[in-house]
Each structure stands twice: as C-alpha cells, then as structure tokens.
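The opening residue of the first sequence carries number 228 in my numbering; numbering runs sequentially from there. Each residue gets a CB set at the ideal place from its N, CA and C atoms; glycine is no exception. All figures in this text were calculated on a predicted structure; none of them were measured in a lab. Input: a single structure, listed below in structure tokens.
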Amino acid sequence: MKPARTRFAPSPTGYLHVGGIRTALFAWLVARQSGGQFVLRLEDTDRAREVQGAEAHIIESLRTLGLDYDEGPDIGGVYGPYRQTERLAKYQEWAQVLIDAGRAYADPYTPEEVQKFREEAQAIQKPFLYRNHRPENPPKWDGKTPLRFKSEPKDYRWHDAVMGDLHAGAEAIDDFVLIKSDGFPTYNFAHLIDDHEMQISHIIRGQEFIASQPNYLNLYEALEFEHPAFATVPHILGPDGKKKLSKRDGAKDVLDYFRDGFLTEAMLNFIASLGWNDGTEQEIFTRDELIQKFSLERVQRSGARFDENRLLWMNGHWIRSLNLDELYARSKGFWPKDAEKYDEDYRRAVLGLIQERLKYFKEIPELTDFFFKDLPVNMELIDDNKQLKKFERSELKSLLKQAQASLAQSDFTVPDLTDRLNALLETTGQKPGILFSLVRVATTQAPFSPSLAETLNVLGRETAFRRIEQALNAL
RNA sequence: GGCCCCGUCGUCUAGUGGUCCAGGACGUCAGGUUCUCAUCCUGAAGAUCAGGGGUUCGACUCCCCUCGGGGUCACCA
Numbered sequence: 228m229k230p231a232r233t234r235f236a237p238s239p240t241g242y243l244h245v246g247g248i249r250t251a252l253f254a255w256l257v258a259r260q261s262g263g264q265f266v267l268r269l270e271d272t273d274r275a276r277e278v279q280g281a282e283a284h285i286i287e288s289l290r291t292l293g294l295d296y297d298e299g300p301d302i303g304g305v306y307g308p309y310r311q312t313e314r315l316a317k318y319q320e321w322a323q324v325l326i327d328a329g330r331a332y333a334d335p336y337t338p339e340e341v342q343k344f345r346e347e348a349q350a351i352q353k354p355f356l357y358r359n360h361r362p363e364n365p366p367k368w369d370g371k372t373p374l375r376f377k378s379e380p381k382d383y384r385w386h387d388a389v390m391g392d393l394h395a396g397a398e399a400i401d402d403f404v405l406i407k408s409d410g411f412p413t414y415n416f417a418h419l420i421d422d423h424e425m426q427i428s429h430i431i432r433g434q435e436f437i438a439s440q441p442n443y444l445n446l447y448e449a450l451e452f453e454h455p456a457f458a459t460v461p462h463i464l465g466p467d468g469k470k471k472l473s474k475r476d477g478a479k480d481v482l483d484y485f486r487d488g489f490l491t492e493a494m495l496n497f498i499a500s501l502g503w504n505d506g507t508e509q510e511i512f513t514r515d516e517l518i519q520k521f522s523l524e525r526v527q528r529s530g531a532r533f534d535e536n537r538l539l540w541m542n543g544h545w546i547r548s549l550n551l552d553e554l555y556a557r558s559k560g561f562w563p564k565d566a567e568k569y570d571e572d573y574r575r576a577v578l579g580l581i582q583e584r585l586k587y588f589k590e591i592p593e594l595t596d597f598f599f600k601d602l603p604v605n606m607e608l609i610d611d612n613k614q615l616k617k618f619e620r621s622e623l624k625s626l627l628k629q630a631q632a633s634l635a636q637s638d639f640t641v642p643d644l645t646d647r648l649n650a651l652l653e654t655t656g657q658k659p660g661i662l663f664s665l666v667r668v669a670t671t672q673a674p675f676s677p678s679l680a681e682t683l684n685v686l687g688r689e690t691a692f693r694r695i696e697q698a699l700n701a702l
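Pasting the structure below:
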C-alpha cells in the first residue's frame, strides 16, 4: 500500500458532530493504515460564518478521539500554513496562471444582475448556468470584482473509491467563482490548490460535493494538475431517516458525548461501523483493528441513520471490557458529591459492582447514591413489591430481625455473607424473592442494586446495621 | 424542473447469478441464571430483497421503466 496523504478540512463555523467526525475518521484511517500522513487544514475563507473558538473546539474534538494529525494549523508542517486565510498569496499566484492562460476572467455583473439571471432560469425551471451569460469582453480583473473560471464544458467519467464509477454531462459544468470580491478564494478554488500543494493523495468528503465534481475535474485540467483519488461518503441521517444529520436538527457536539461519559473506543467503533463493515459478522473493532481492516471500497453508498440505541449498547460493551483500574481512572469527574467523603478503595469497589449495568459514566450518581448516603425509608418499595406486599408489616419486621441477628455474627466478607443469607433461607423457610428482597430494600432503599451479599460487603457492617435499624423503626 | 447519487427485517448491515422460502448485530418480546436492575445464555417475532417488466434453466444479485428518498444548481463550505 502506498503511503496516503489525507486531510480533514473543516470550516471553523462551530462544533463537530458525528457526521463531521466520521469524515475525519475515515481520512485518518486511510492515512494510518498506509503509513502516510493525516493533515488538518482550516477552511476559513468565509469570514461571515466564522465562529470564535471553533478552531480550538475542532482541535479538541480530534484530540479527544485520538485522531492525531501530522500537520496542522497549531503544529505546522512542511506544506504550511494550514489556514487558508494565511495562504492568500498562493491563490493569487494560481489565479494569475489561469488569467494568463485565458481560463479566468473578471465578472462584470453586479450581484443583483446575477441574481436576476438566476431567477430567470428558475422561472422557466432550468438550472442556472452563469456561462450562458458569459461576457464577450470582460474587463481586466482588478481584484474588486469576483474572478470566474472560464470553463470548458464536457462530459466526464471518473472513479470514486466509495461510489464506484460516476459520470456527468457537460451541463453540470459552469463558470464558478474562484476569488470573491473580498479577495478571499472560494472553497471550490482554494481546496483544489491546497490539496495540490499539500500533495494530498485522497480527498474524502461528504456527498454534497459530488455535484461539483465535474467542475473540479475541469479546473484540474485547466491548472494542469493531476487529481487525487476521490472518495465520497454518504451523509449520516438524523433519527427521522430523511434529512442529513445537522446541528439545526439537534445533532450533538461529539464532545458532549464525552462529557456524558462515553468512551472513545466506543465512539470510534460506532462511527466507523455506521456505514462500514469488514464483510464478516464482527461488530466490535478496536482502534488497531479499524486501522488494519478499514477500506473505502467497503463503505456503504447509502446514508445511514444515526441510532443512539446502538451507541449505548456499544458503549456498555466497551465499559464492561475495561479492567477495574482503567475503568476507575476514566470515571474521574463523574462521581456524585457525596462520594468525596469516601476513599478510593471504596469508590473502586462500588464501581466494580455497577460495571455491568453502566451504559455511560453520567449514570454513576443515580446508580450509586445509596452507597454514599442513607436514603429516606421508602415504604413504596415494599408496597409495590409483588412478593413483599402480601405480608403483614409485623411479619416483615420479625423476618428482618432474624436477618439482623444472623448478620450481626458475620465478618461481612462476601463468602460469609452468602453462607449466612443462604442459611437464613432455611431457618426462616422463606424464598429468596422475599427474604433477600426485604434485606436489600432495607439496606439500600433503592429500587434496584447489585446482588445482596456484594452490596452488604461494600456497604459494611456499620452502615448496614444503621439502615436495618431505620427500616425496623419504620415497619 | 435539469443533472447526479441511493433504495435488503423498526435500525445498522451480510449478500457481486444457484449453497437465500435471505444470515448477523442493535432494539422488542418470552424463558433461564437461588432477590431487584443489569450482565450472560437460549428462543421467538420481524424483510413478498421499493414496484413492474425483461435477460437467463435459474435474479436480492445483470438490463430497462416507474415510484420513493437524498444531494446540487451561492461572491457557503
């Protein structure tokens, strides 16, 4: 495999959602699996849409996911600078080359005039083509008006690593703007120059660019550039399955998922498998497996719907796969306030008990609060329990007292607690559904909890008895 | 409207002419694992392969048409 140079080229207009991250991930995977480079480039030529702090936010997102780049605006690189607004001279140079070759000209119309042409085309339900209005003798370009590409419309066939063989007719090609009247290049012009100068070998981008591909092909020819390989990935669709995932429709910032306690392993796995698989029945992929097995050719051509349920399952899976030390290290910052009073060993033990039911770290407080504070006695837990509600309060009270007496002899290790609880089933003649439920409710006051012996073991003698006492008083 | 892309269980998908009355995963439902929740295991329901025509001994797979969805037609990217 030849080393590939790929790039991720976002505009600093806000945060990154899973759709944007997926494009970055695919580009990163292609670079890493081929031993090439992954480049971050900021396409910041639209000053009006630029959002303060977006660049830092994008960089943080990539860092968090571990999509490390070899060249970028903050770390530099041999083909820098990596912000388009810092590369203006390059675009001017190449614009001059096109002007000299007779392949670019000044746009003599006012925006209003162009708008009128557009509306005329719309009125007769025709696509708007600027070249139908191409001026005979355009003025010399003074940099104050848009500079347009003088296209040479023709049919194109080209290969796309994801979409396969594509084609489009000459009618898809037009005289698009290369340099805007504010002196900044358009995306259409700038990305092509940059990709050439930065030696990019694969352009991996979203579906919205497929319609402009013939224009780019025409421009590559005019510039006498060899074009890179193309890979067009379909959009990720929102939950409704129709529109592409977008910020407007509530697509979350990827960093929000990490703030909720999702694992990067799960996120990477999830995003990669949204529209890609290796042809086997494997669902879980590590980062290294993705690097090894990913291929653009196996990326789906149709858009995939974003299914948060699947993400949740996958995250739970990755949480369960972590050893306790690792899990504990990652849980930092997600503990409830009451947990601060307890030492690390205790918190670690609690975490071990809830690991298998934890879907994401933000659930830790609700899953663990009774380990850190006494909850008020809640009689509904008994009244709503289909086994316990059949008993008189006095019967439950005496049952709980028997349990209390036996547990008083325990050293509170898990084996001893287990033995005693089992023995208690014999002496009381009750089913676990009754006896264990009662003790569980009394000592946790929670609707659900880890298994009884382990819970008691972690809670400890003092807390367990305090709570049993409280429950006895309430019964 | 023109051009372009896409269309297999609710969702993500396997499938490149016969081994598919379509396989896996998520989700759902049922049962099991000496309490709850979850995990794990087992099982079930769930897709006339968008529809219609061809080609072929044979089509989810090839061709054509139709329908549906999406993208694009900016001095945004």
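Item                                                                                                                                                  : Value
Do the region 457 to 467 and the region 423 to 434 touch if we need at least three Cβ pairs shorter than 8 Å?                                         : yes
Report the CB separation of residue 375 from residue 334 in whole angstroms; it is logged as a contact under 8 Å.                                     : 5 Å
Cα-Cα, which of 627, 339, 658 and 649 is closest to residue 691?                                                                                      : 627
At the level of alpha carbons, what is the spacing between residue 539 and residue 545?                                                               : 10 Å
State the DSSP-derived secondary structure class of residue 278, mapped to helix, strand or coil.                                                     : coil
Grouping DSSP H, G and I as helix and E and B as strand, with all else coil, what is residue 602?                                                     : coil
Any chance the region 652 to 670 sits against the region 582 to 589, with 3 or more Cβ pairs inside 8 Å?                                              : no
Under the assumption that residue 651 contacts residue 636 (Cβ atoms under 8 Å), give the Cβ distance between them as a whole number of angstroms.    : At roughly 11 Å, the Cβ-Cβ gap does not stay under 8 Å, so residue 651 and residue 636 are not in contact.
For residue 328, which beta-bridge partners are listed by DSSP?                                                                                       : Answer by DSSP bridge pairing: none, since residue 328 is not bridged.
Name, in chain order, the residues that DSSP records as bridge partners for residue 383.                                                              : 395
Can you tell me whether residue 677 is buried or exposed? The criterion is at least 16 other CB atoms within 10 Å of its CB, across all chains shown. : buried
Just verifying my parser: in three-state terms, what is the DSSP assignment at residue 315?                                                           : helix
Counting C-beta neighbours from all protein chains within 10 Å, is the total for residue 244 16 or more, i.e. buried, or is it exposed?               : buried
If we count the other Cβ atoms within 10 Å of its Cβ and call it buried at 16 or more, is residue 657 buried or exposed?                              : buried
By DSSP, does residue 457 sit in helix, in strand, or in coil?                                                                                        : strand
What do you get for residue 511, buried or exposed, if any count of 16 or more other CB atoms within 10 angstroms of its CB means buried?             : exposed
Please report the straight-line C-alpha distance between residue 522 and residue 501, rounded to a whole angstrom.                                    : 13 Å
According to DSSP, residue 246 sits in a beta bridge with which residue or residues?                                                                  : For residue 246, which the question treats as bridged, DSSP gives no partner whatsoever.
Rounded to a whole number of angstroms, what is the C-alpha to C-alpha distance between residue 600 and residue 694?                                  : 10 Å
For residue 471, name the three-state secondary structure that DSSP assigns.                                                                          : strand
Within 10 angstroms of the Cβ of residue 398, are there 16 or more other Cβ atoms? Answer buried if so, exposed if not.                               : exposed
Between the C-alpha atoms of residue 609 and residue 435, what's the straight-line distance to the nearest angstrom?                                  : 58 Å
Helix, strand or coil: how does DSSP classify residue 579 here?                                                                                       : helix
In the DSSP assignment, find the beta strand (DSSP E) that holds residue 235 and state where it starts and stops.                                     : 232 to 235
Under the rule that 16 or more other beta-carbon atoms within 10 Å means buried, what is residue 390, buried or exposed?                              : buried
For the beta strand (DSSP E) holding residue 511, just list the boundary residues, first then last.                                                   : That residue, residue 511, is in no beta strand (DSSP E); it is neither H nor E in DSSP.
With a Cβ-Cβ cutoff of 7 Å, do residue 707 and residue 318 count as a contact?                                                                        : Not covered by the structure: residue 707. The range shown for the chain is 228 to 702.
Here's the rule: buried if 16 or more other CB atoms are within 10 angstroms of the residue's CB, otherwise exposed. What is residue 509?             : exposed
Which residue wins for smallest C-alpha separation from residue 592, given the options 410, 577, 361 and 354?                                         : 577
Which value, in whole angstroms, describes the spacing of the CA atoms of residue 351 and residue 284?                                                : 45 Å
On the three-state DSSP scale, how would you describe residue 305?                                                                                    : coil
Please identify the residue among 557, 622 and 240 whose C-alpha is closest to the C-alpha of residue 273.                                            : 240
Can you tell me which residues form a DSSP beta bridge with residue 503?                                                                              : 526
Look at the alpha carbon of residue 642 and the alpha carbon of residue 588, and state the distance between them as a whole number of angstroms.      : 29 Å
Roughly how many angstroms separate the alpha carbons of residue 252 and residue 518, rounded to a whole number?                                      : 10 Å
Using the Cα positions of residue 228 and residue 324, report the straight-line distance between them to the nearest angstrom.                        : 35 Å
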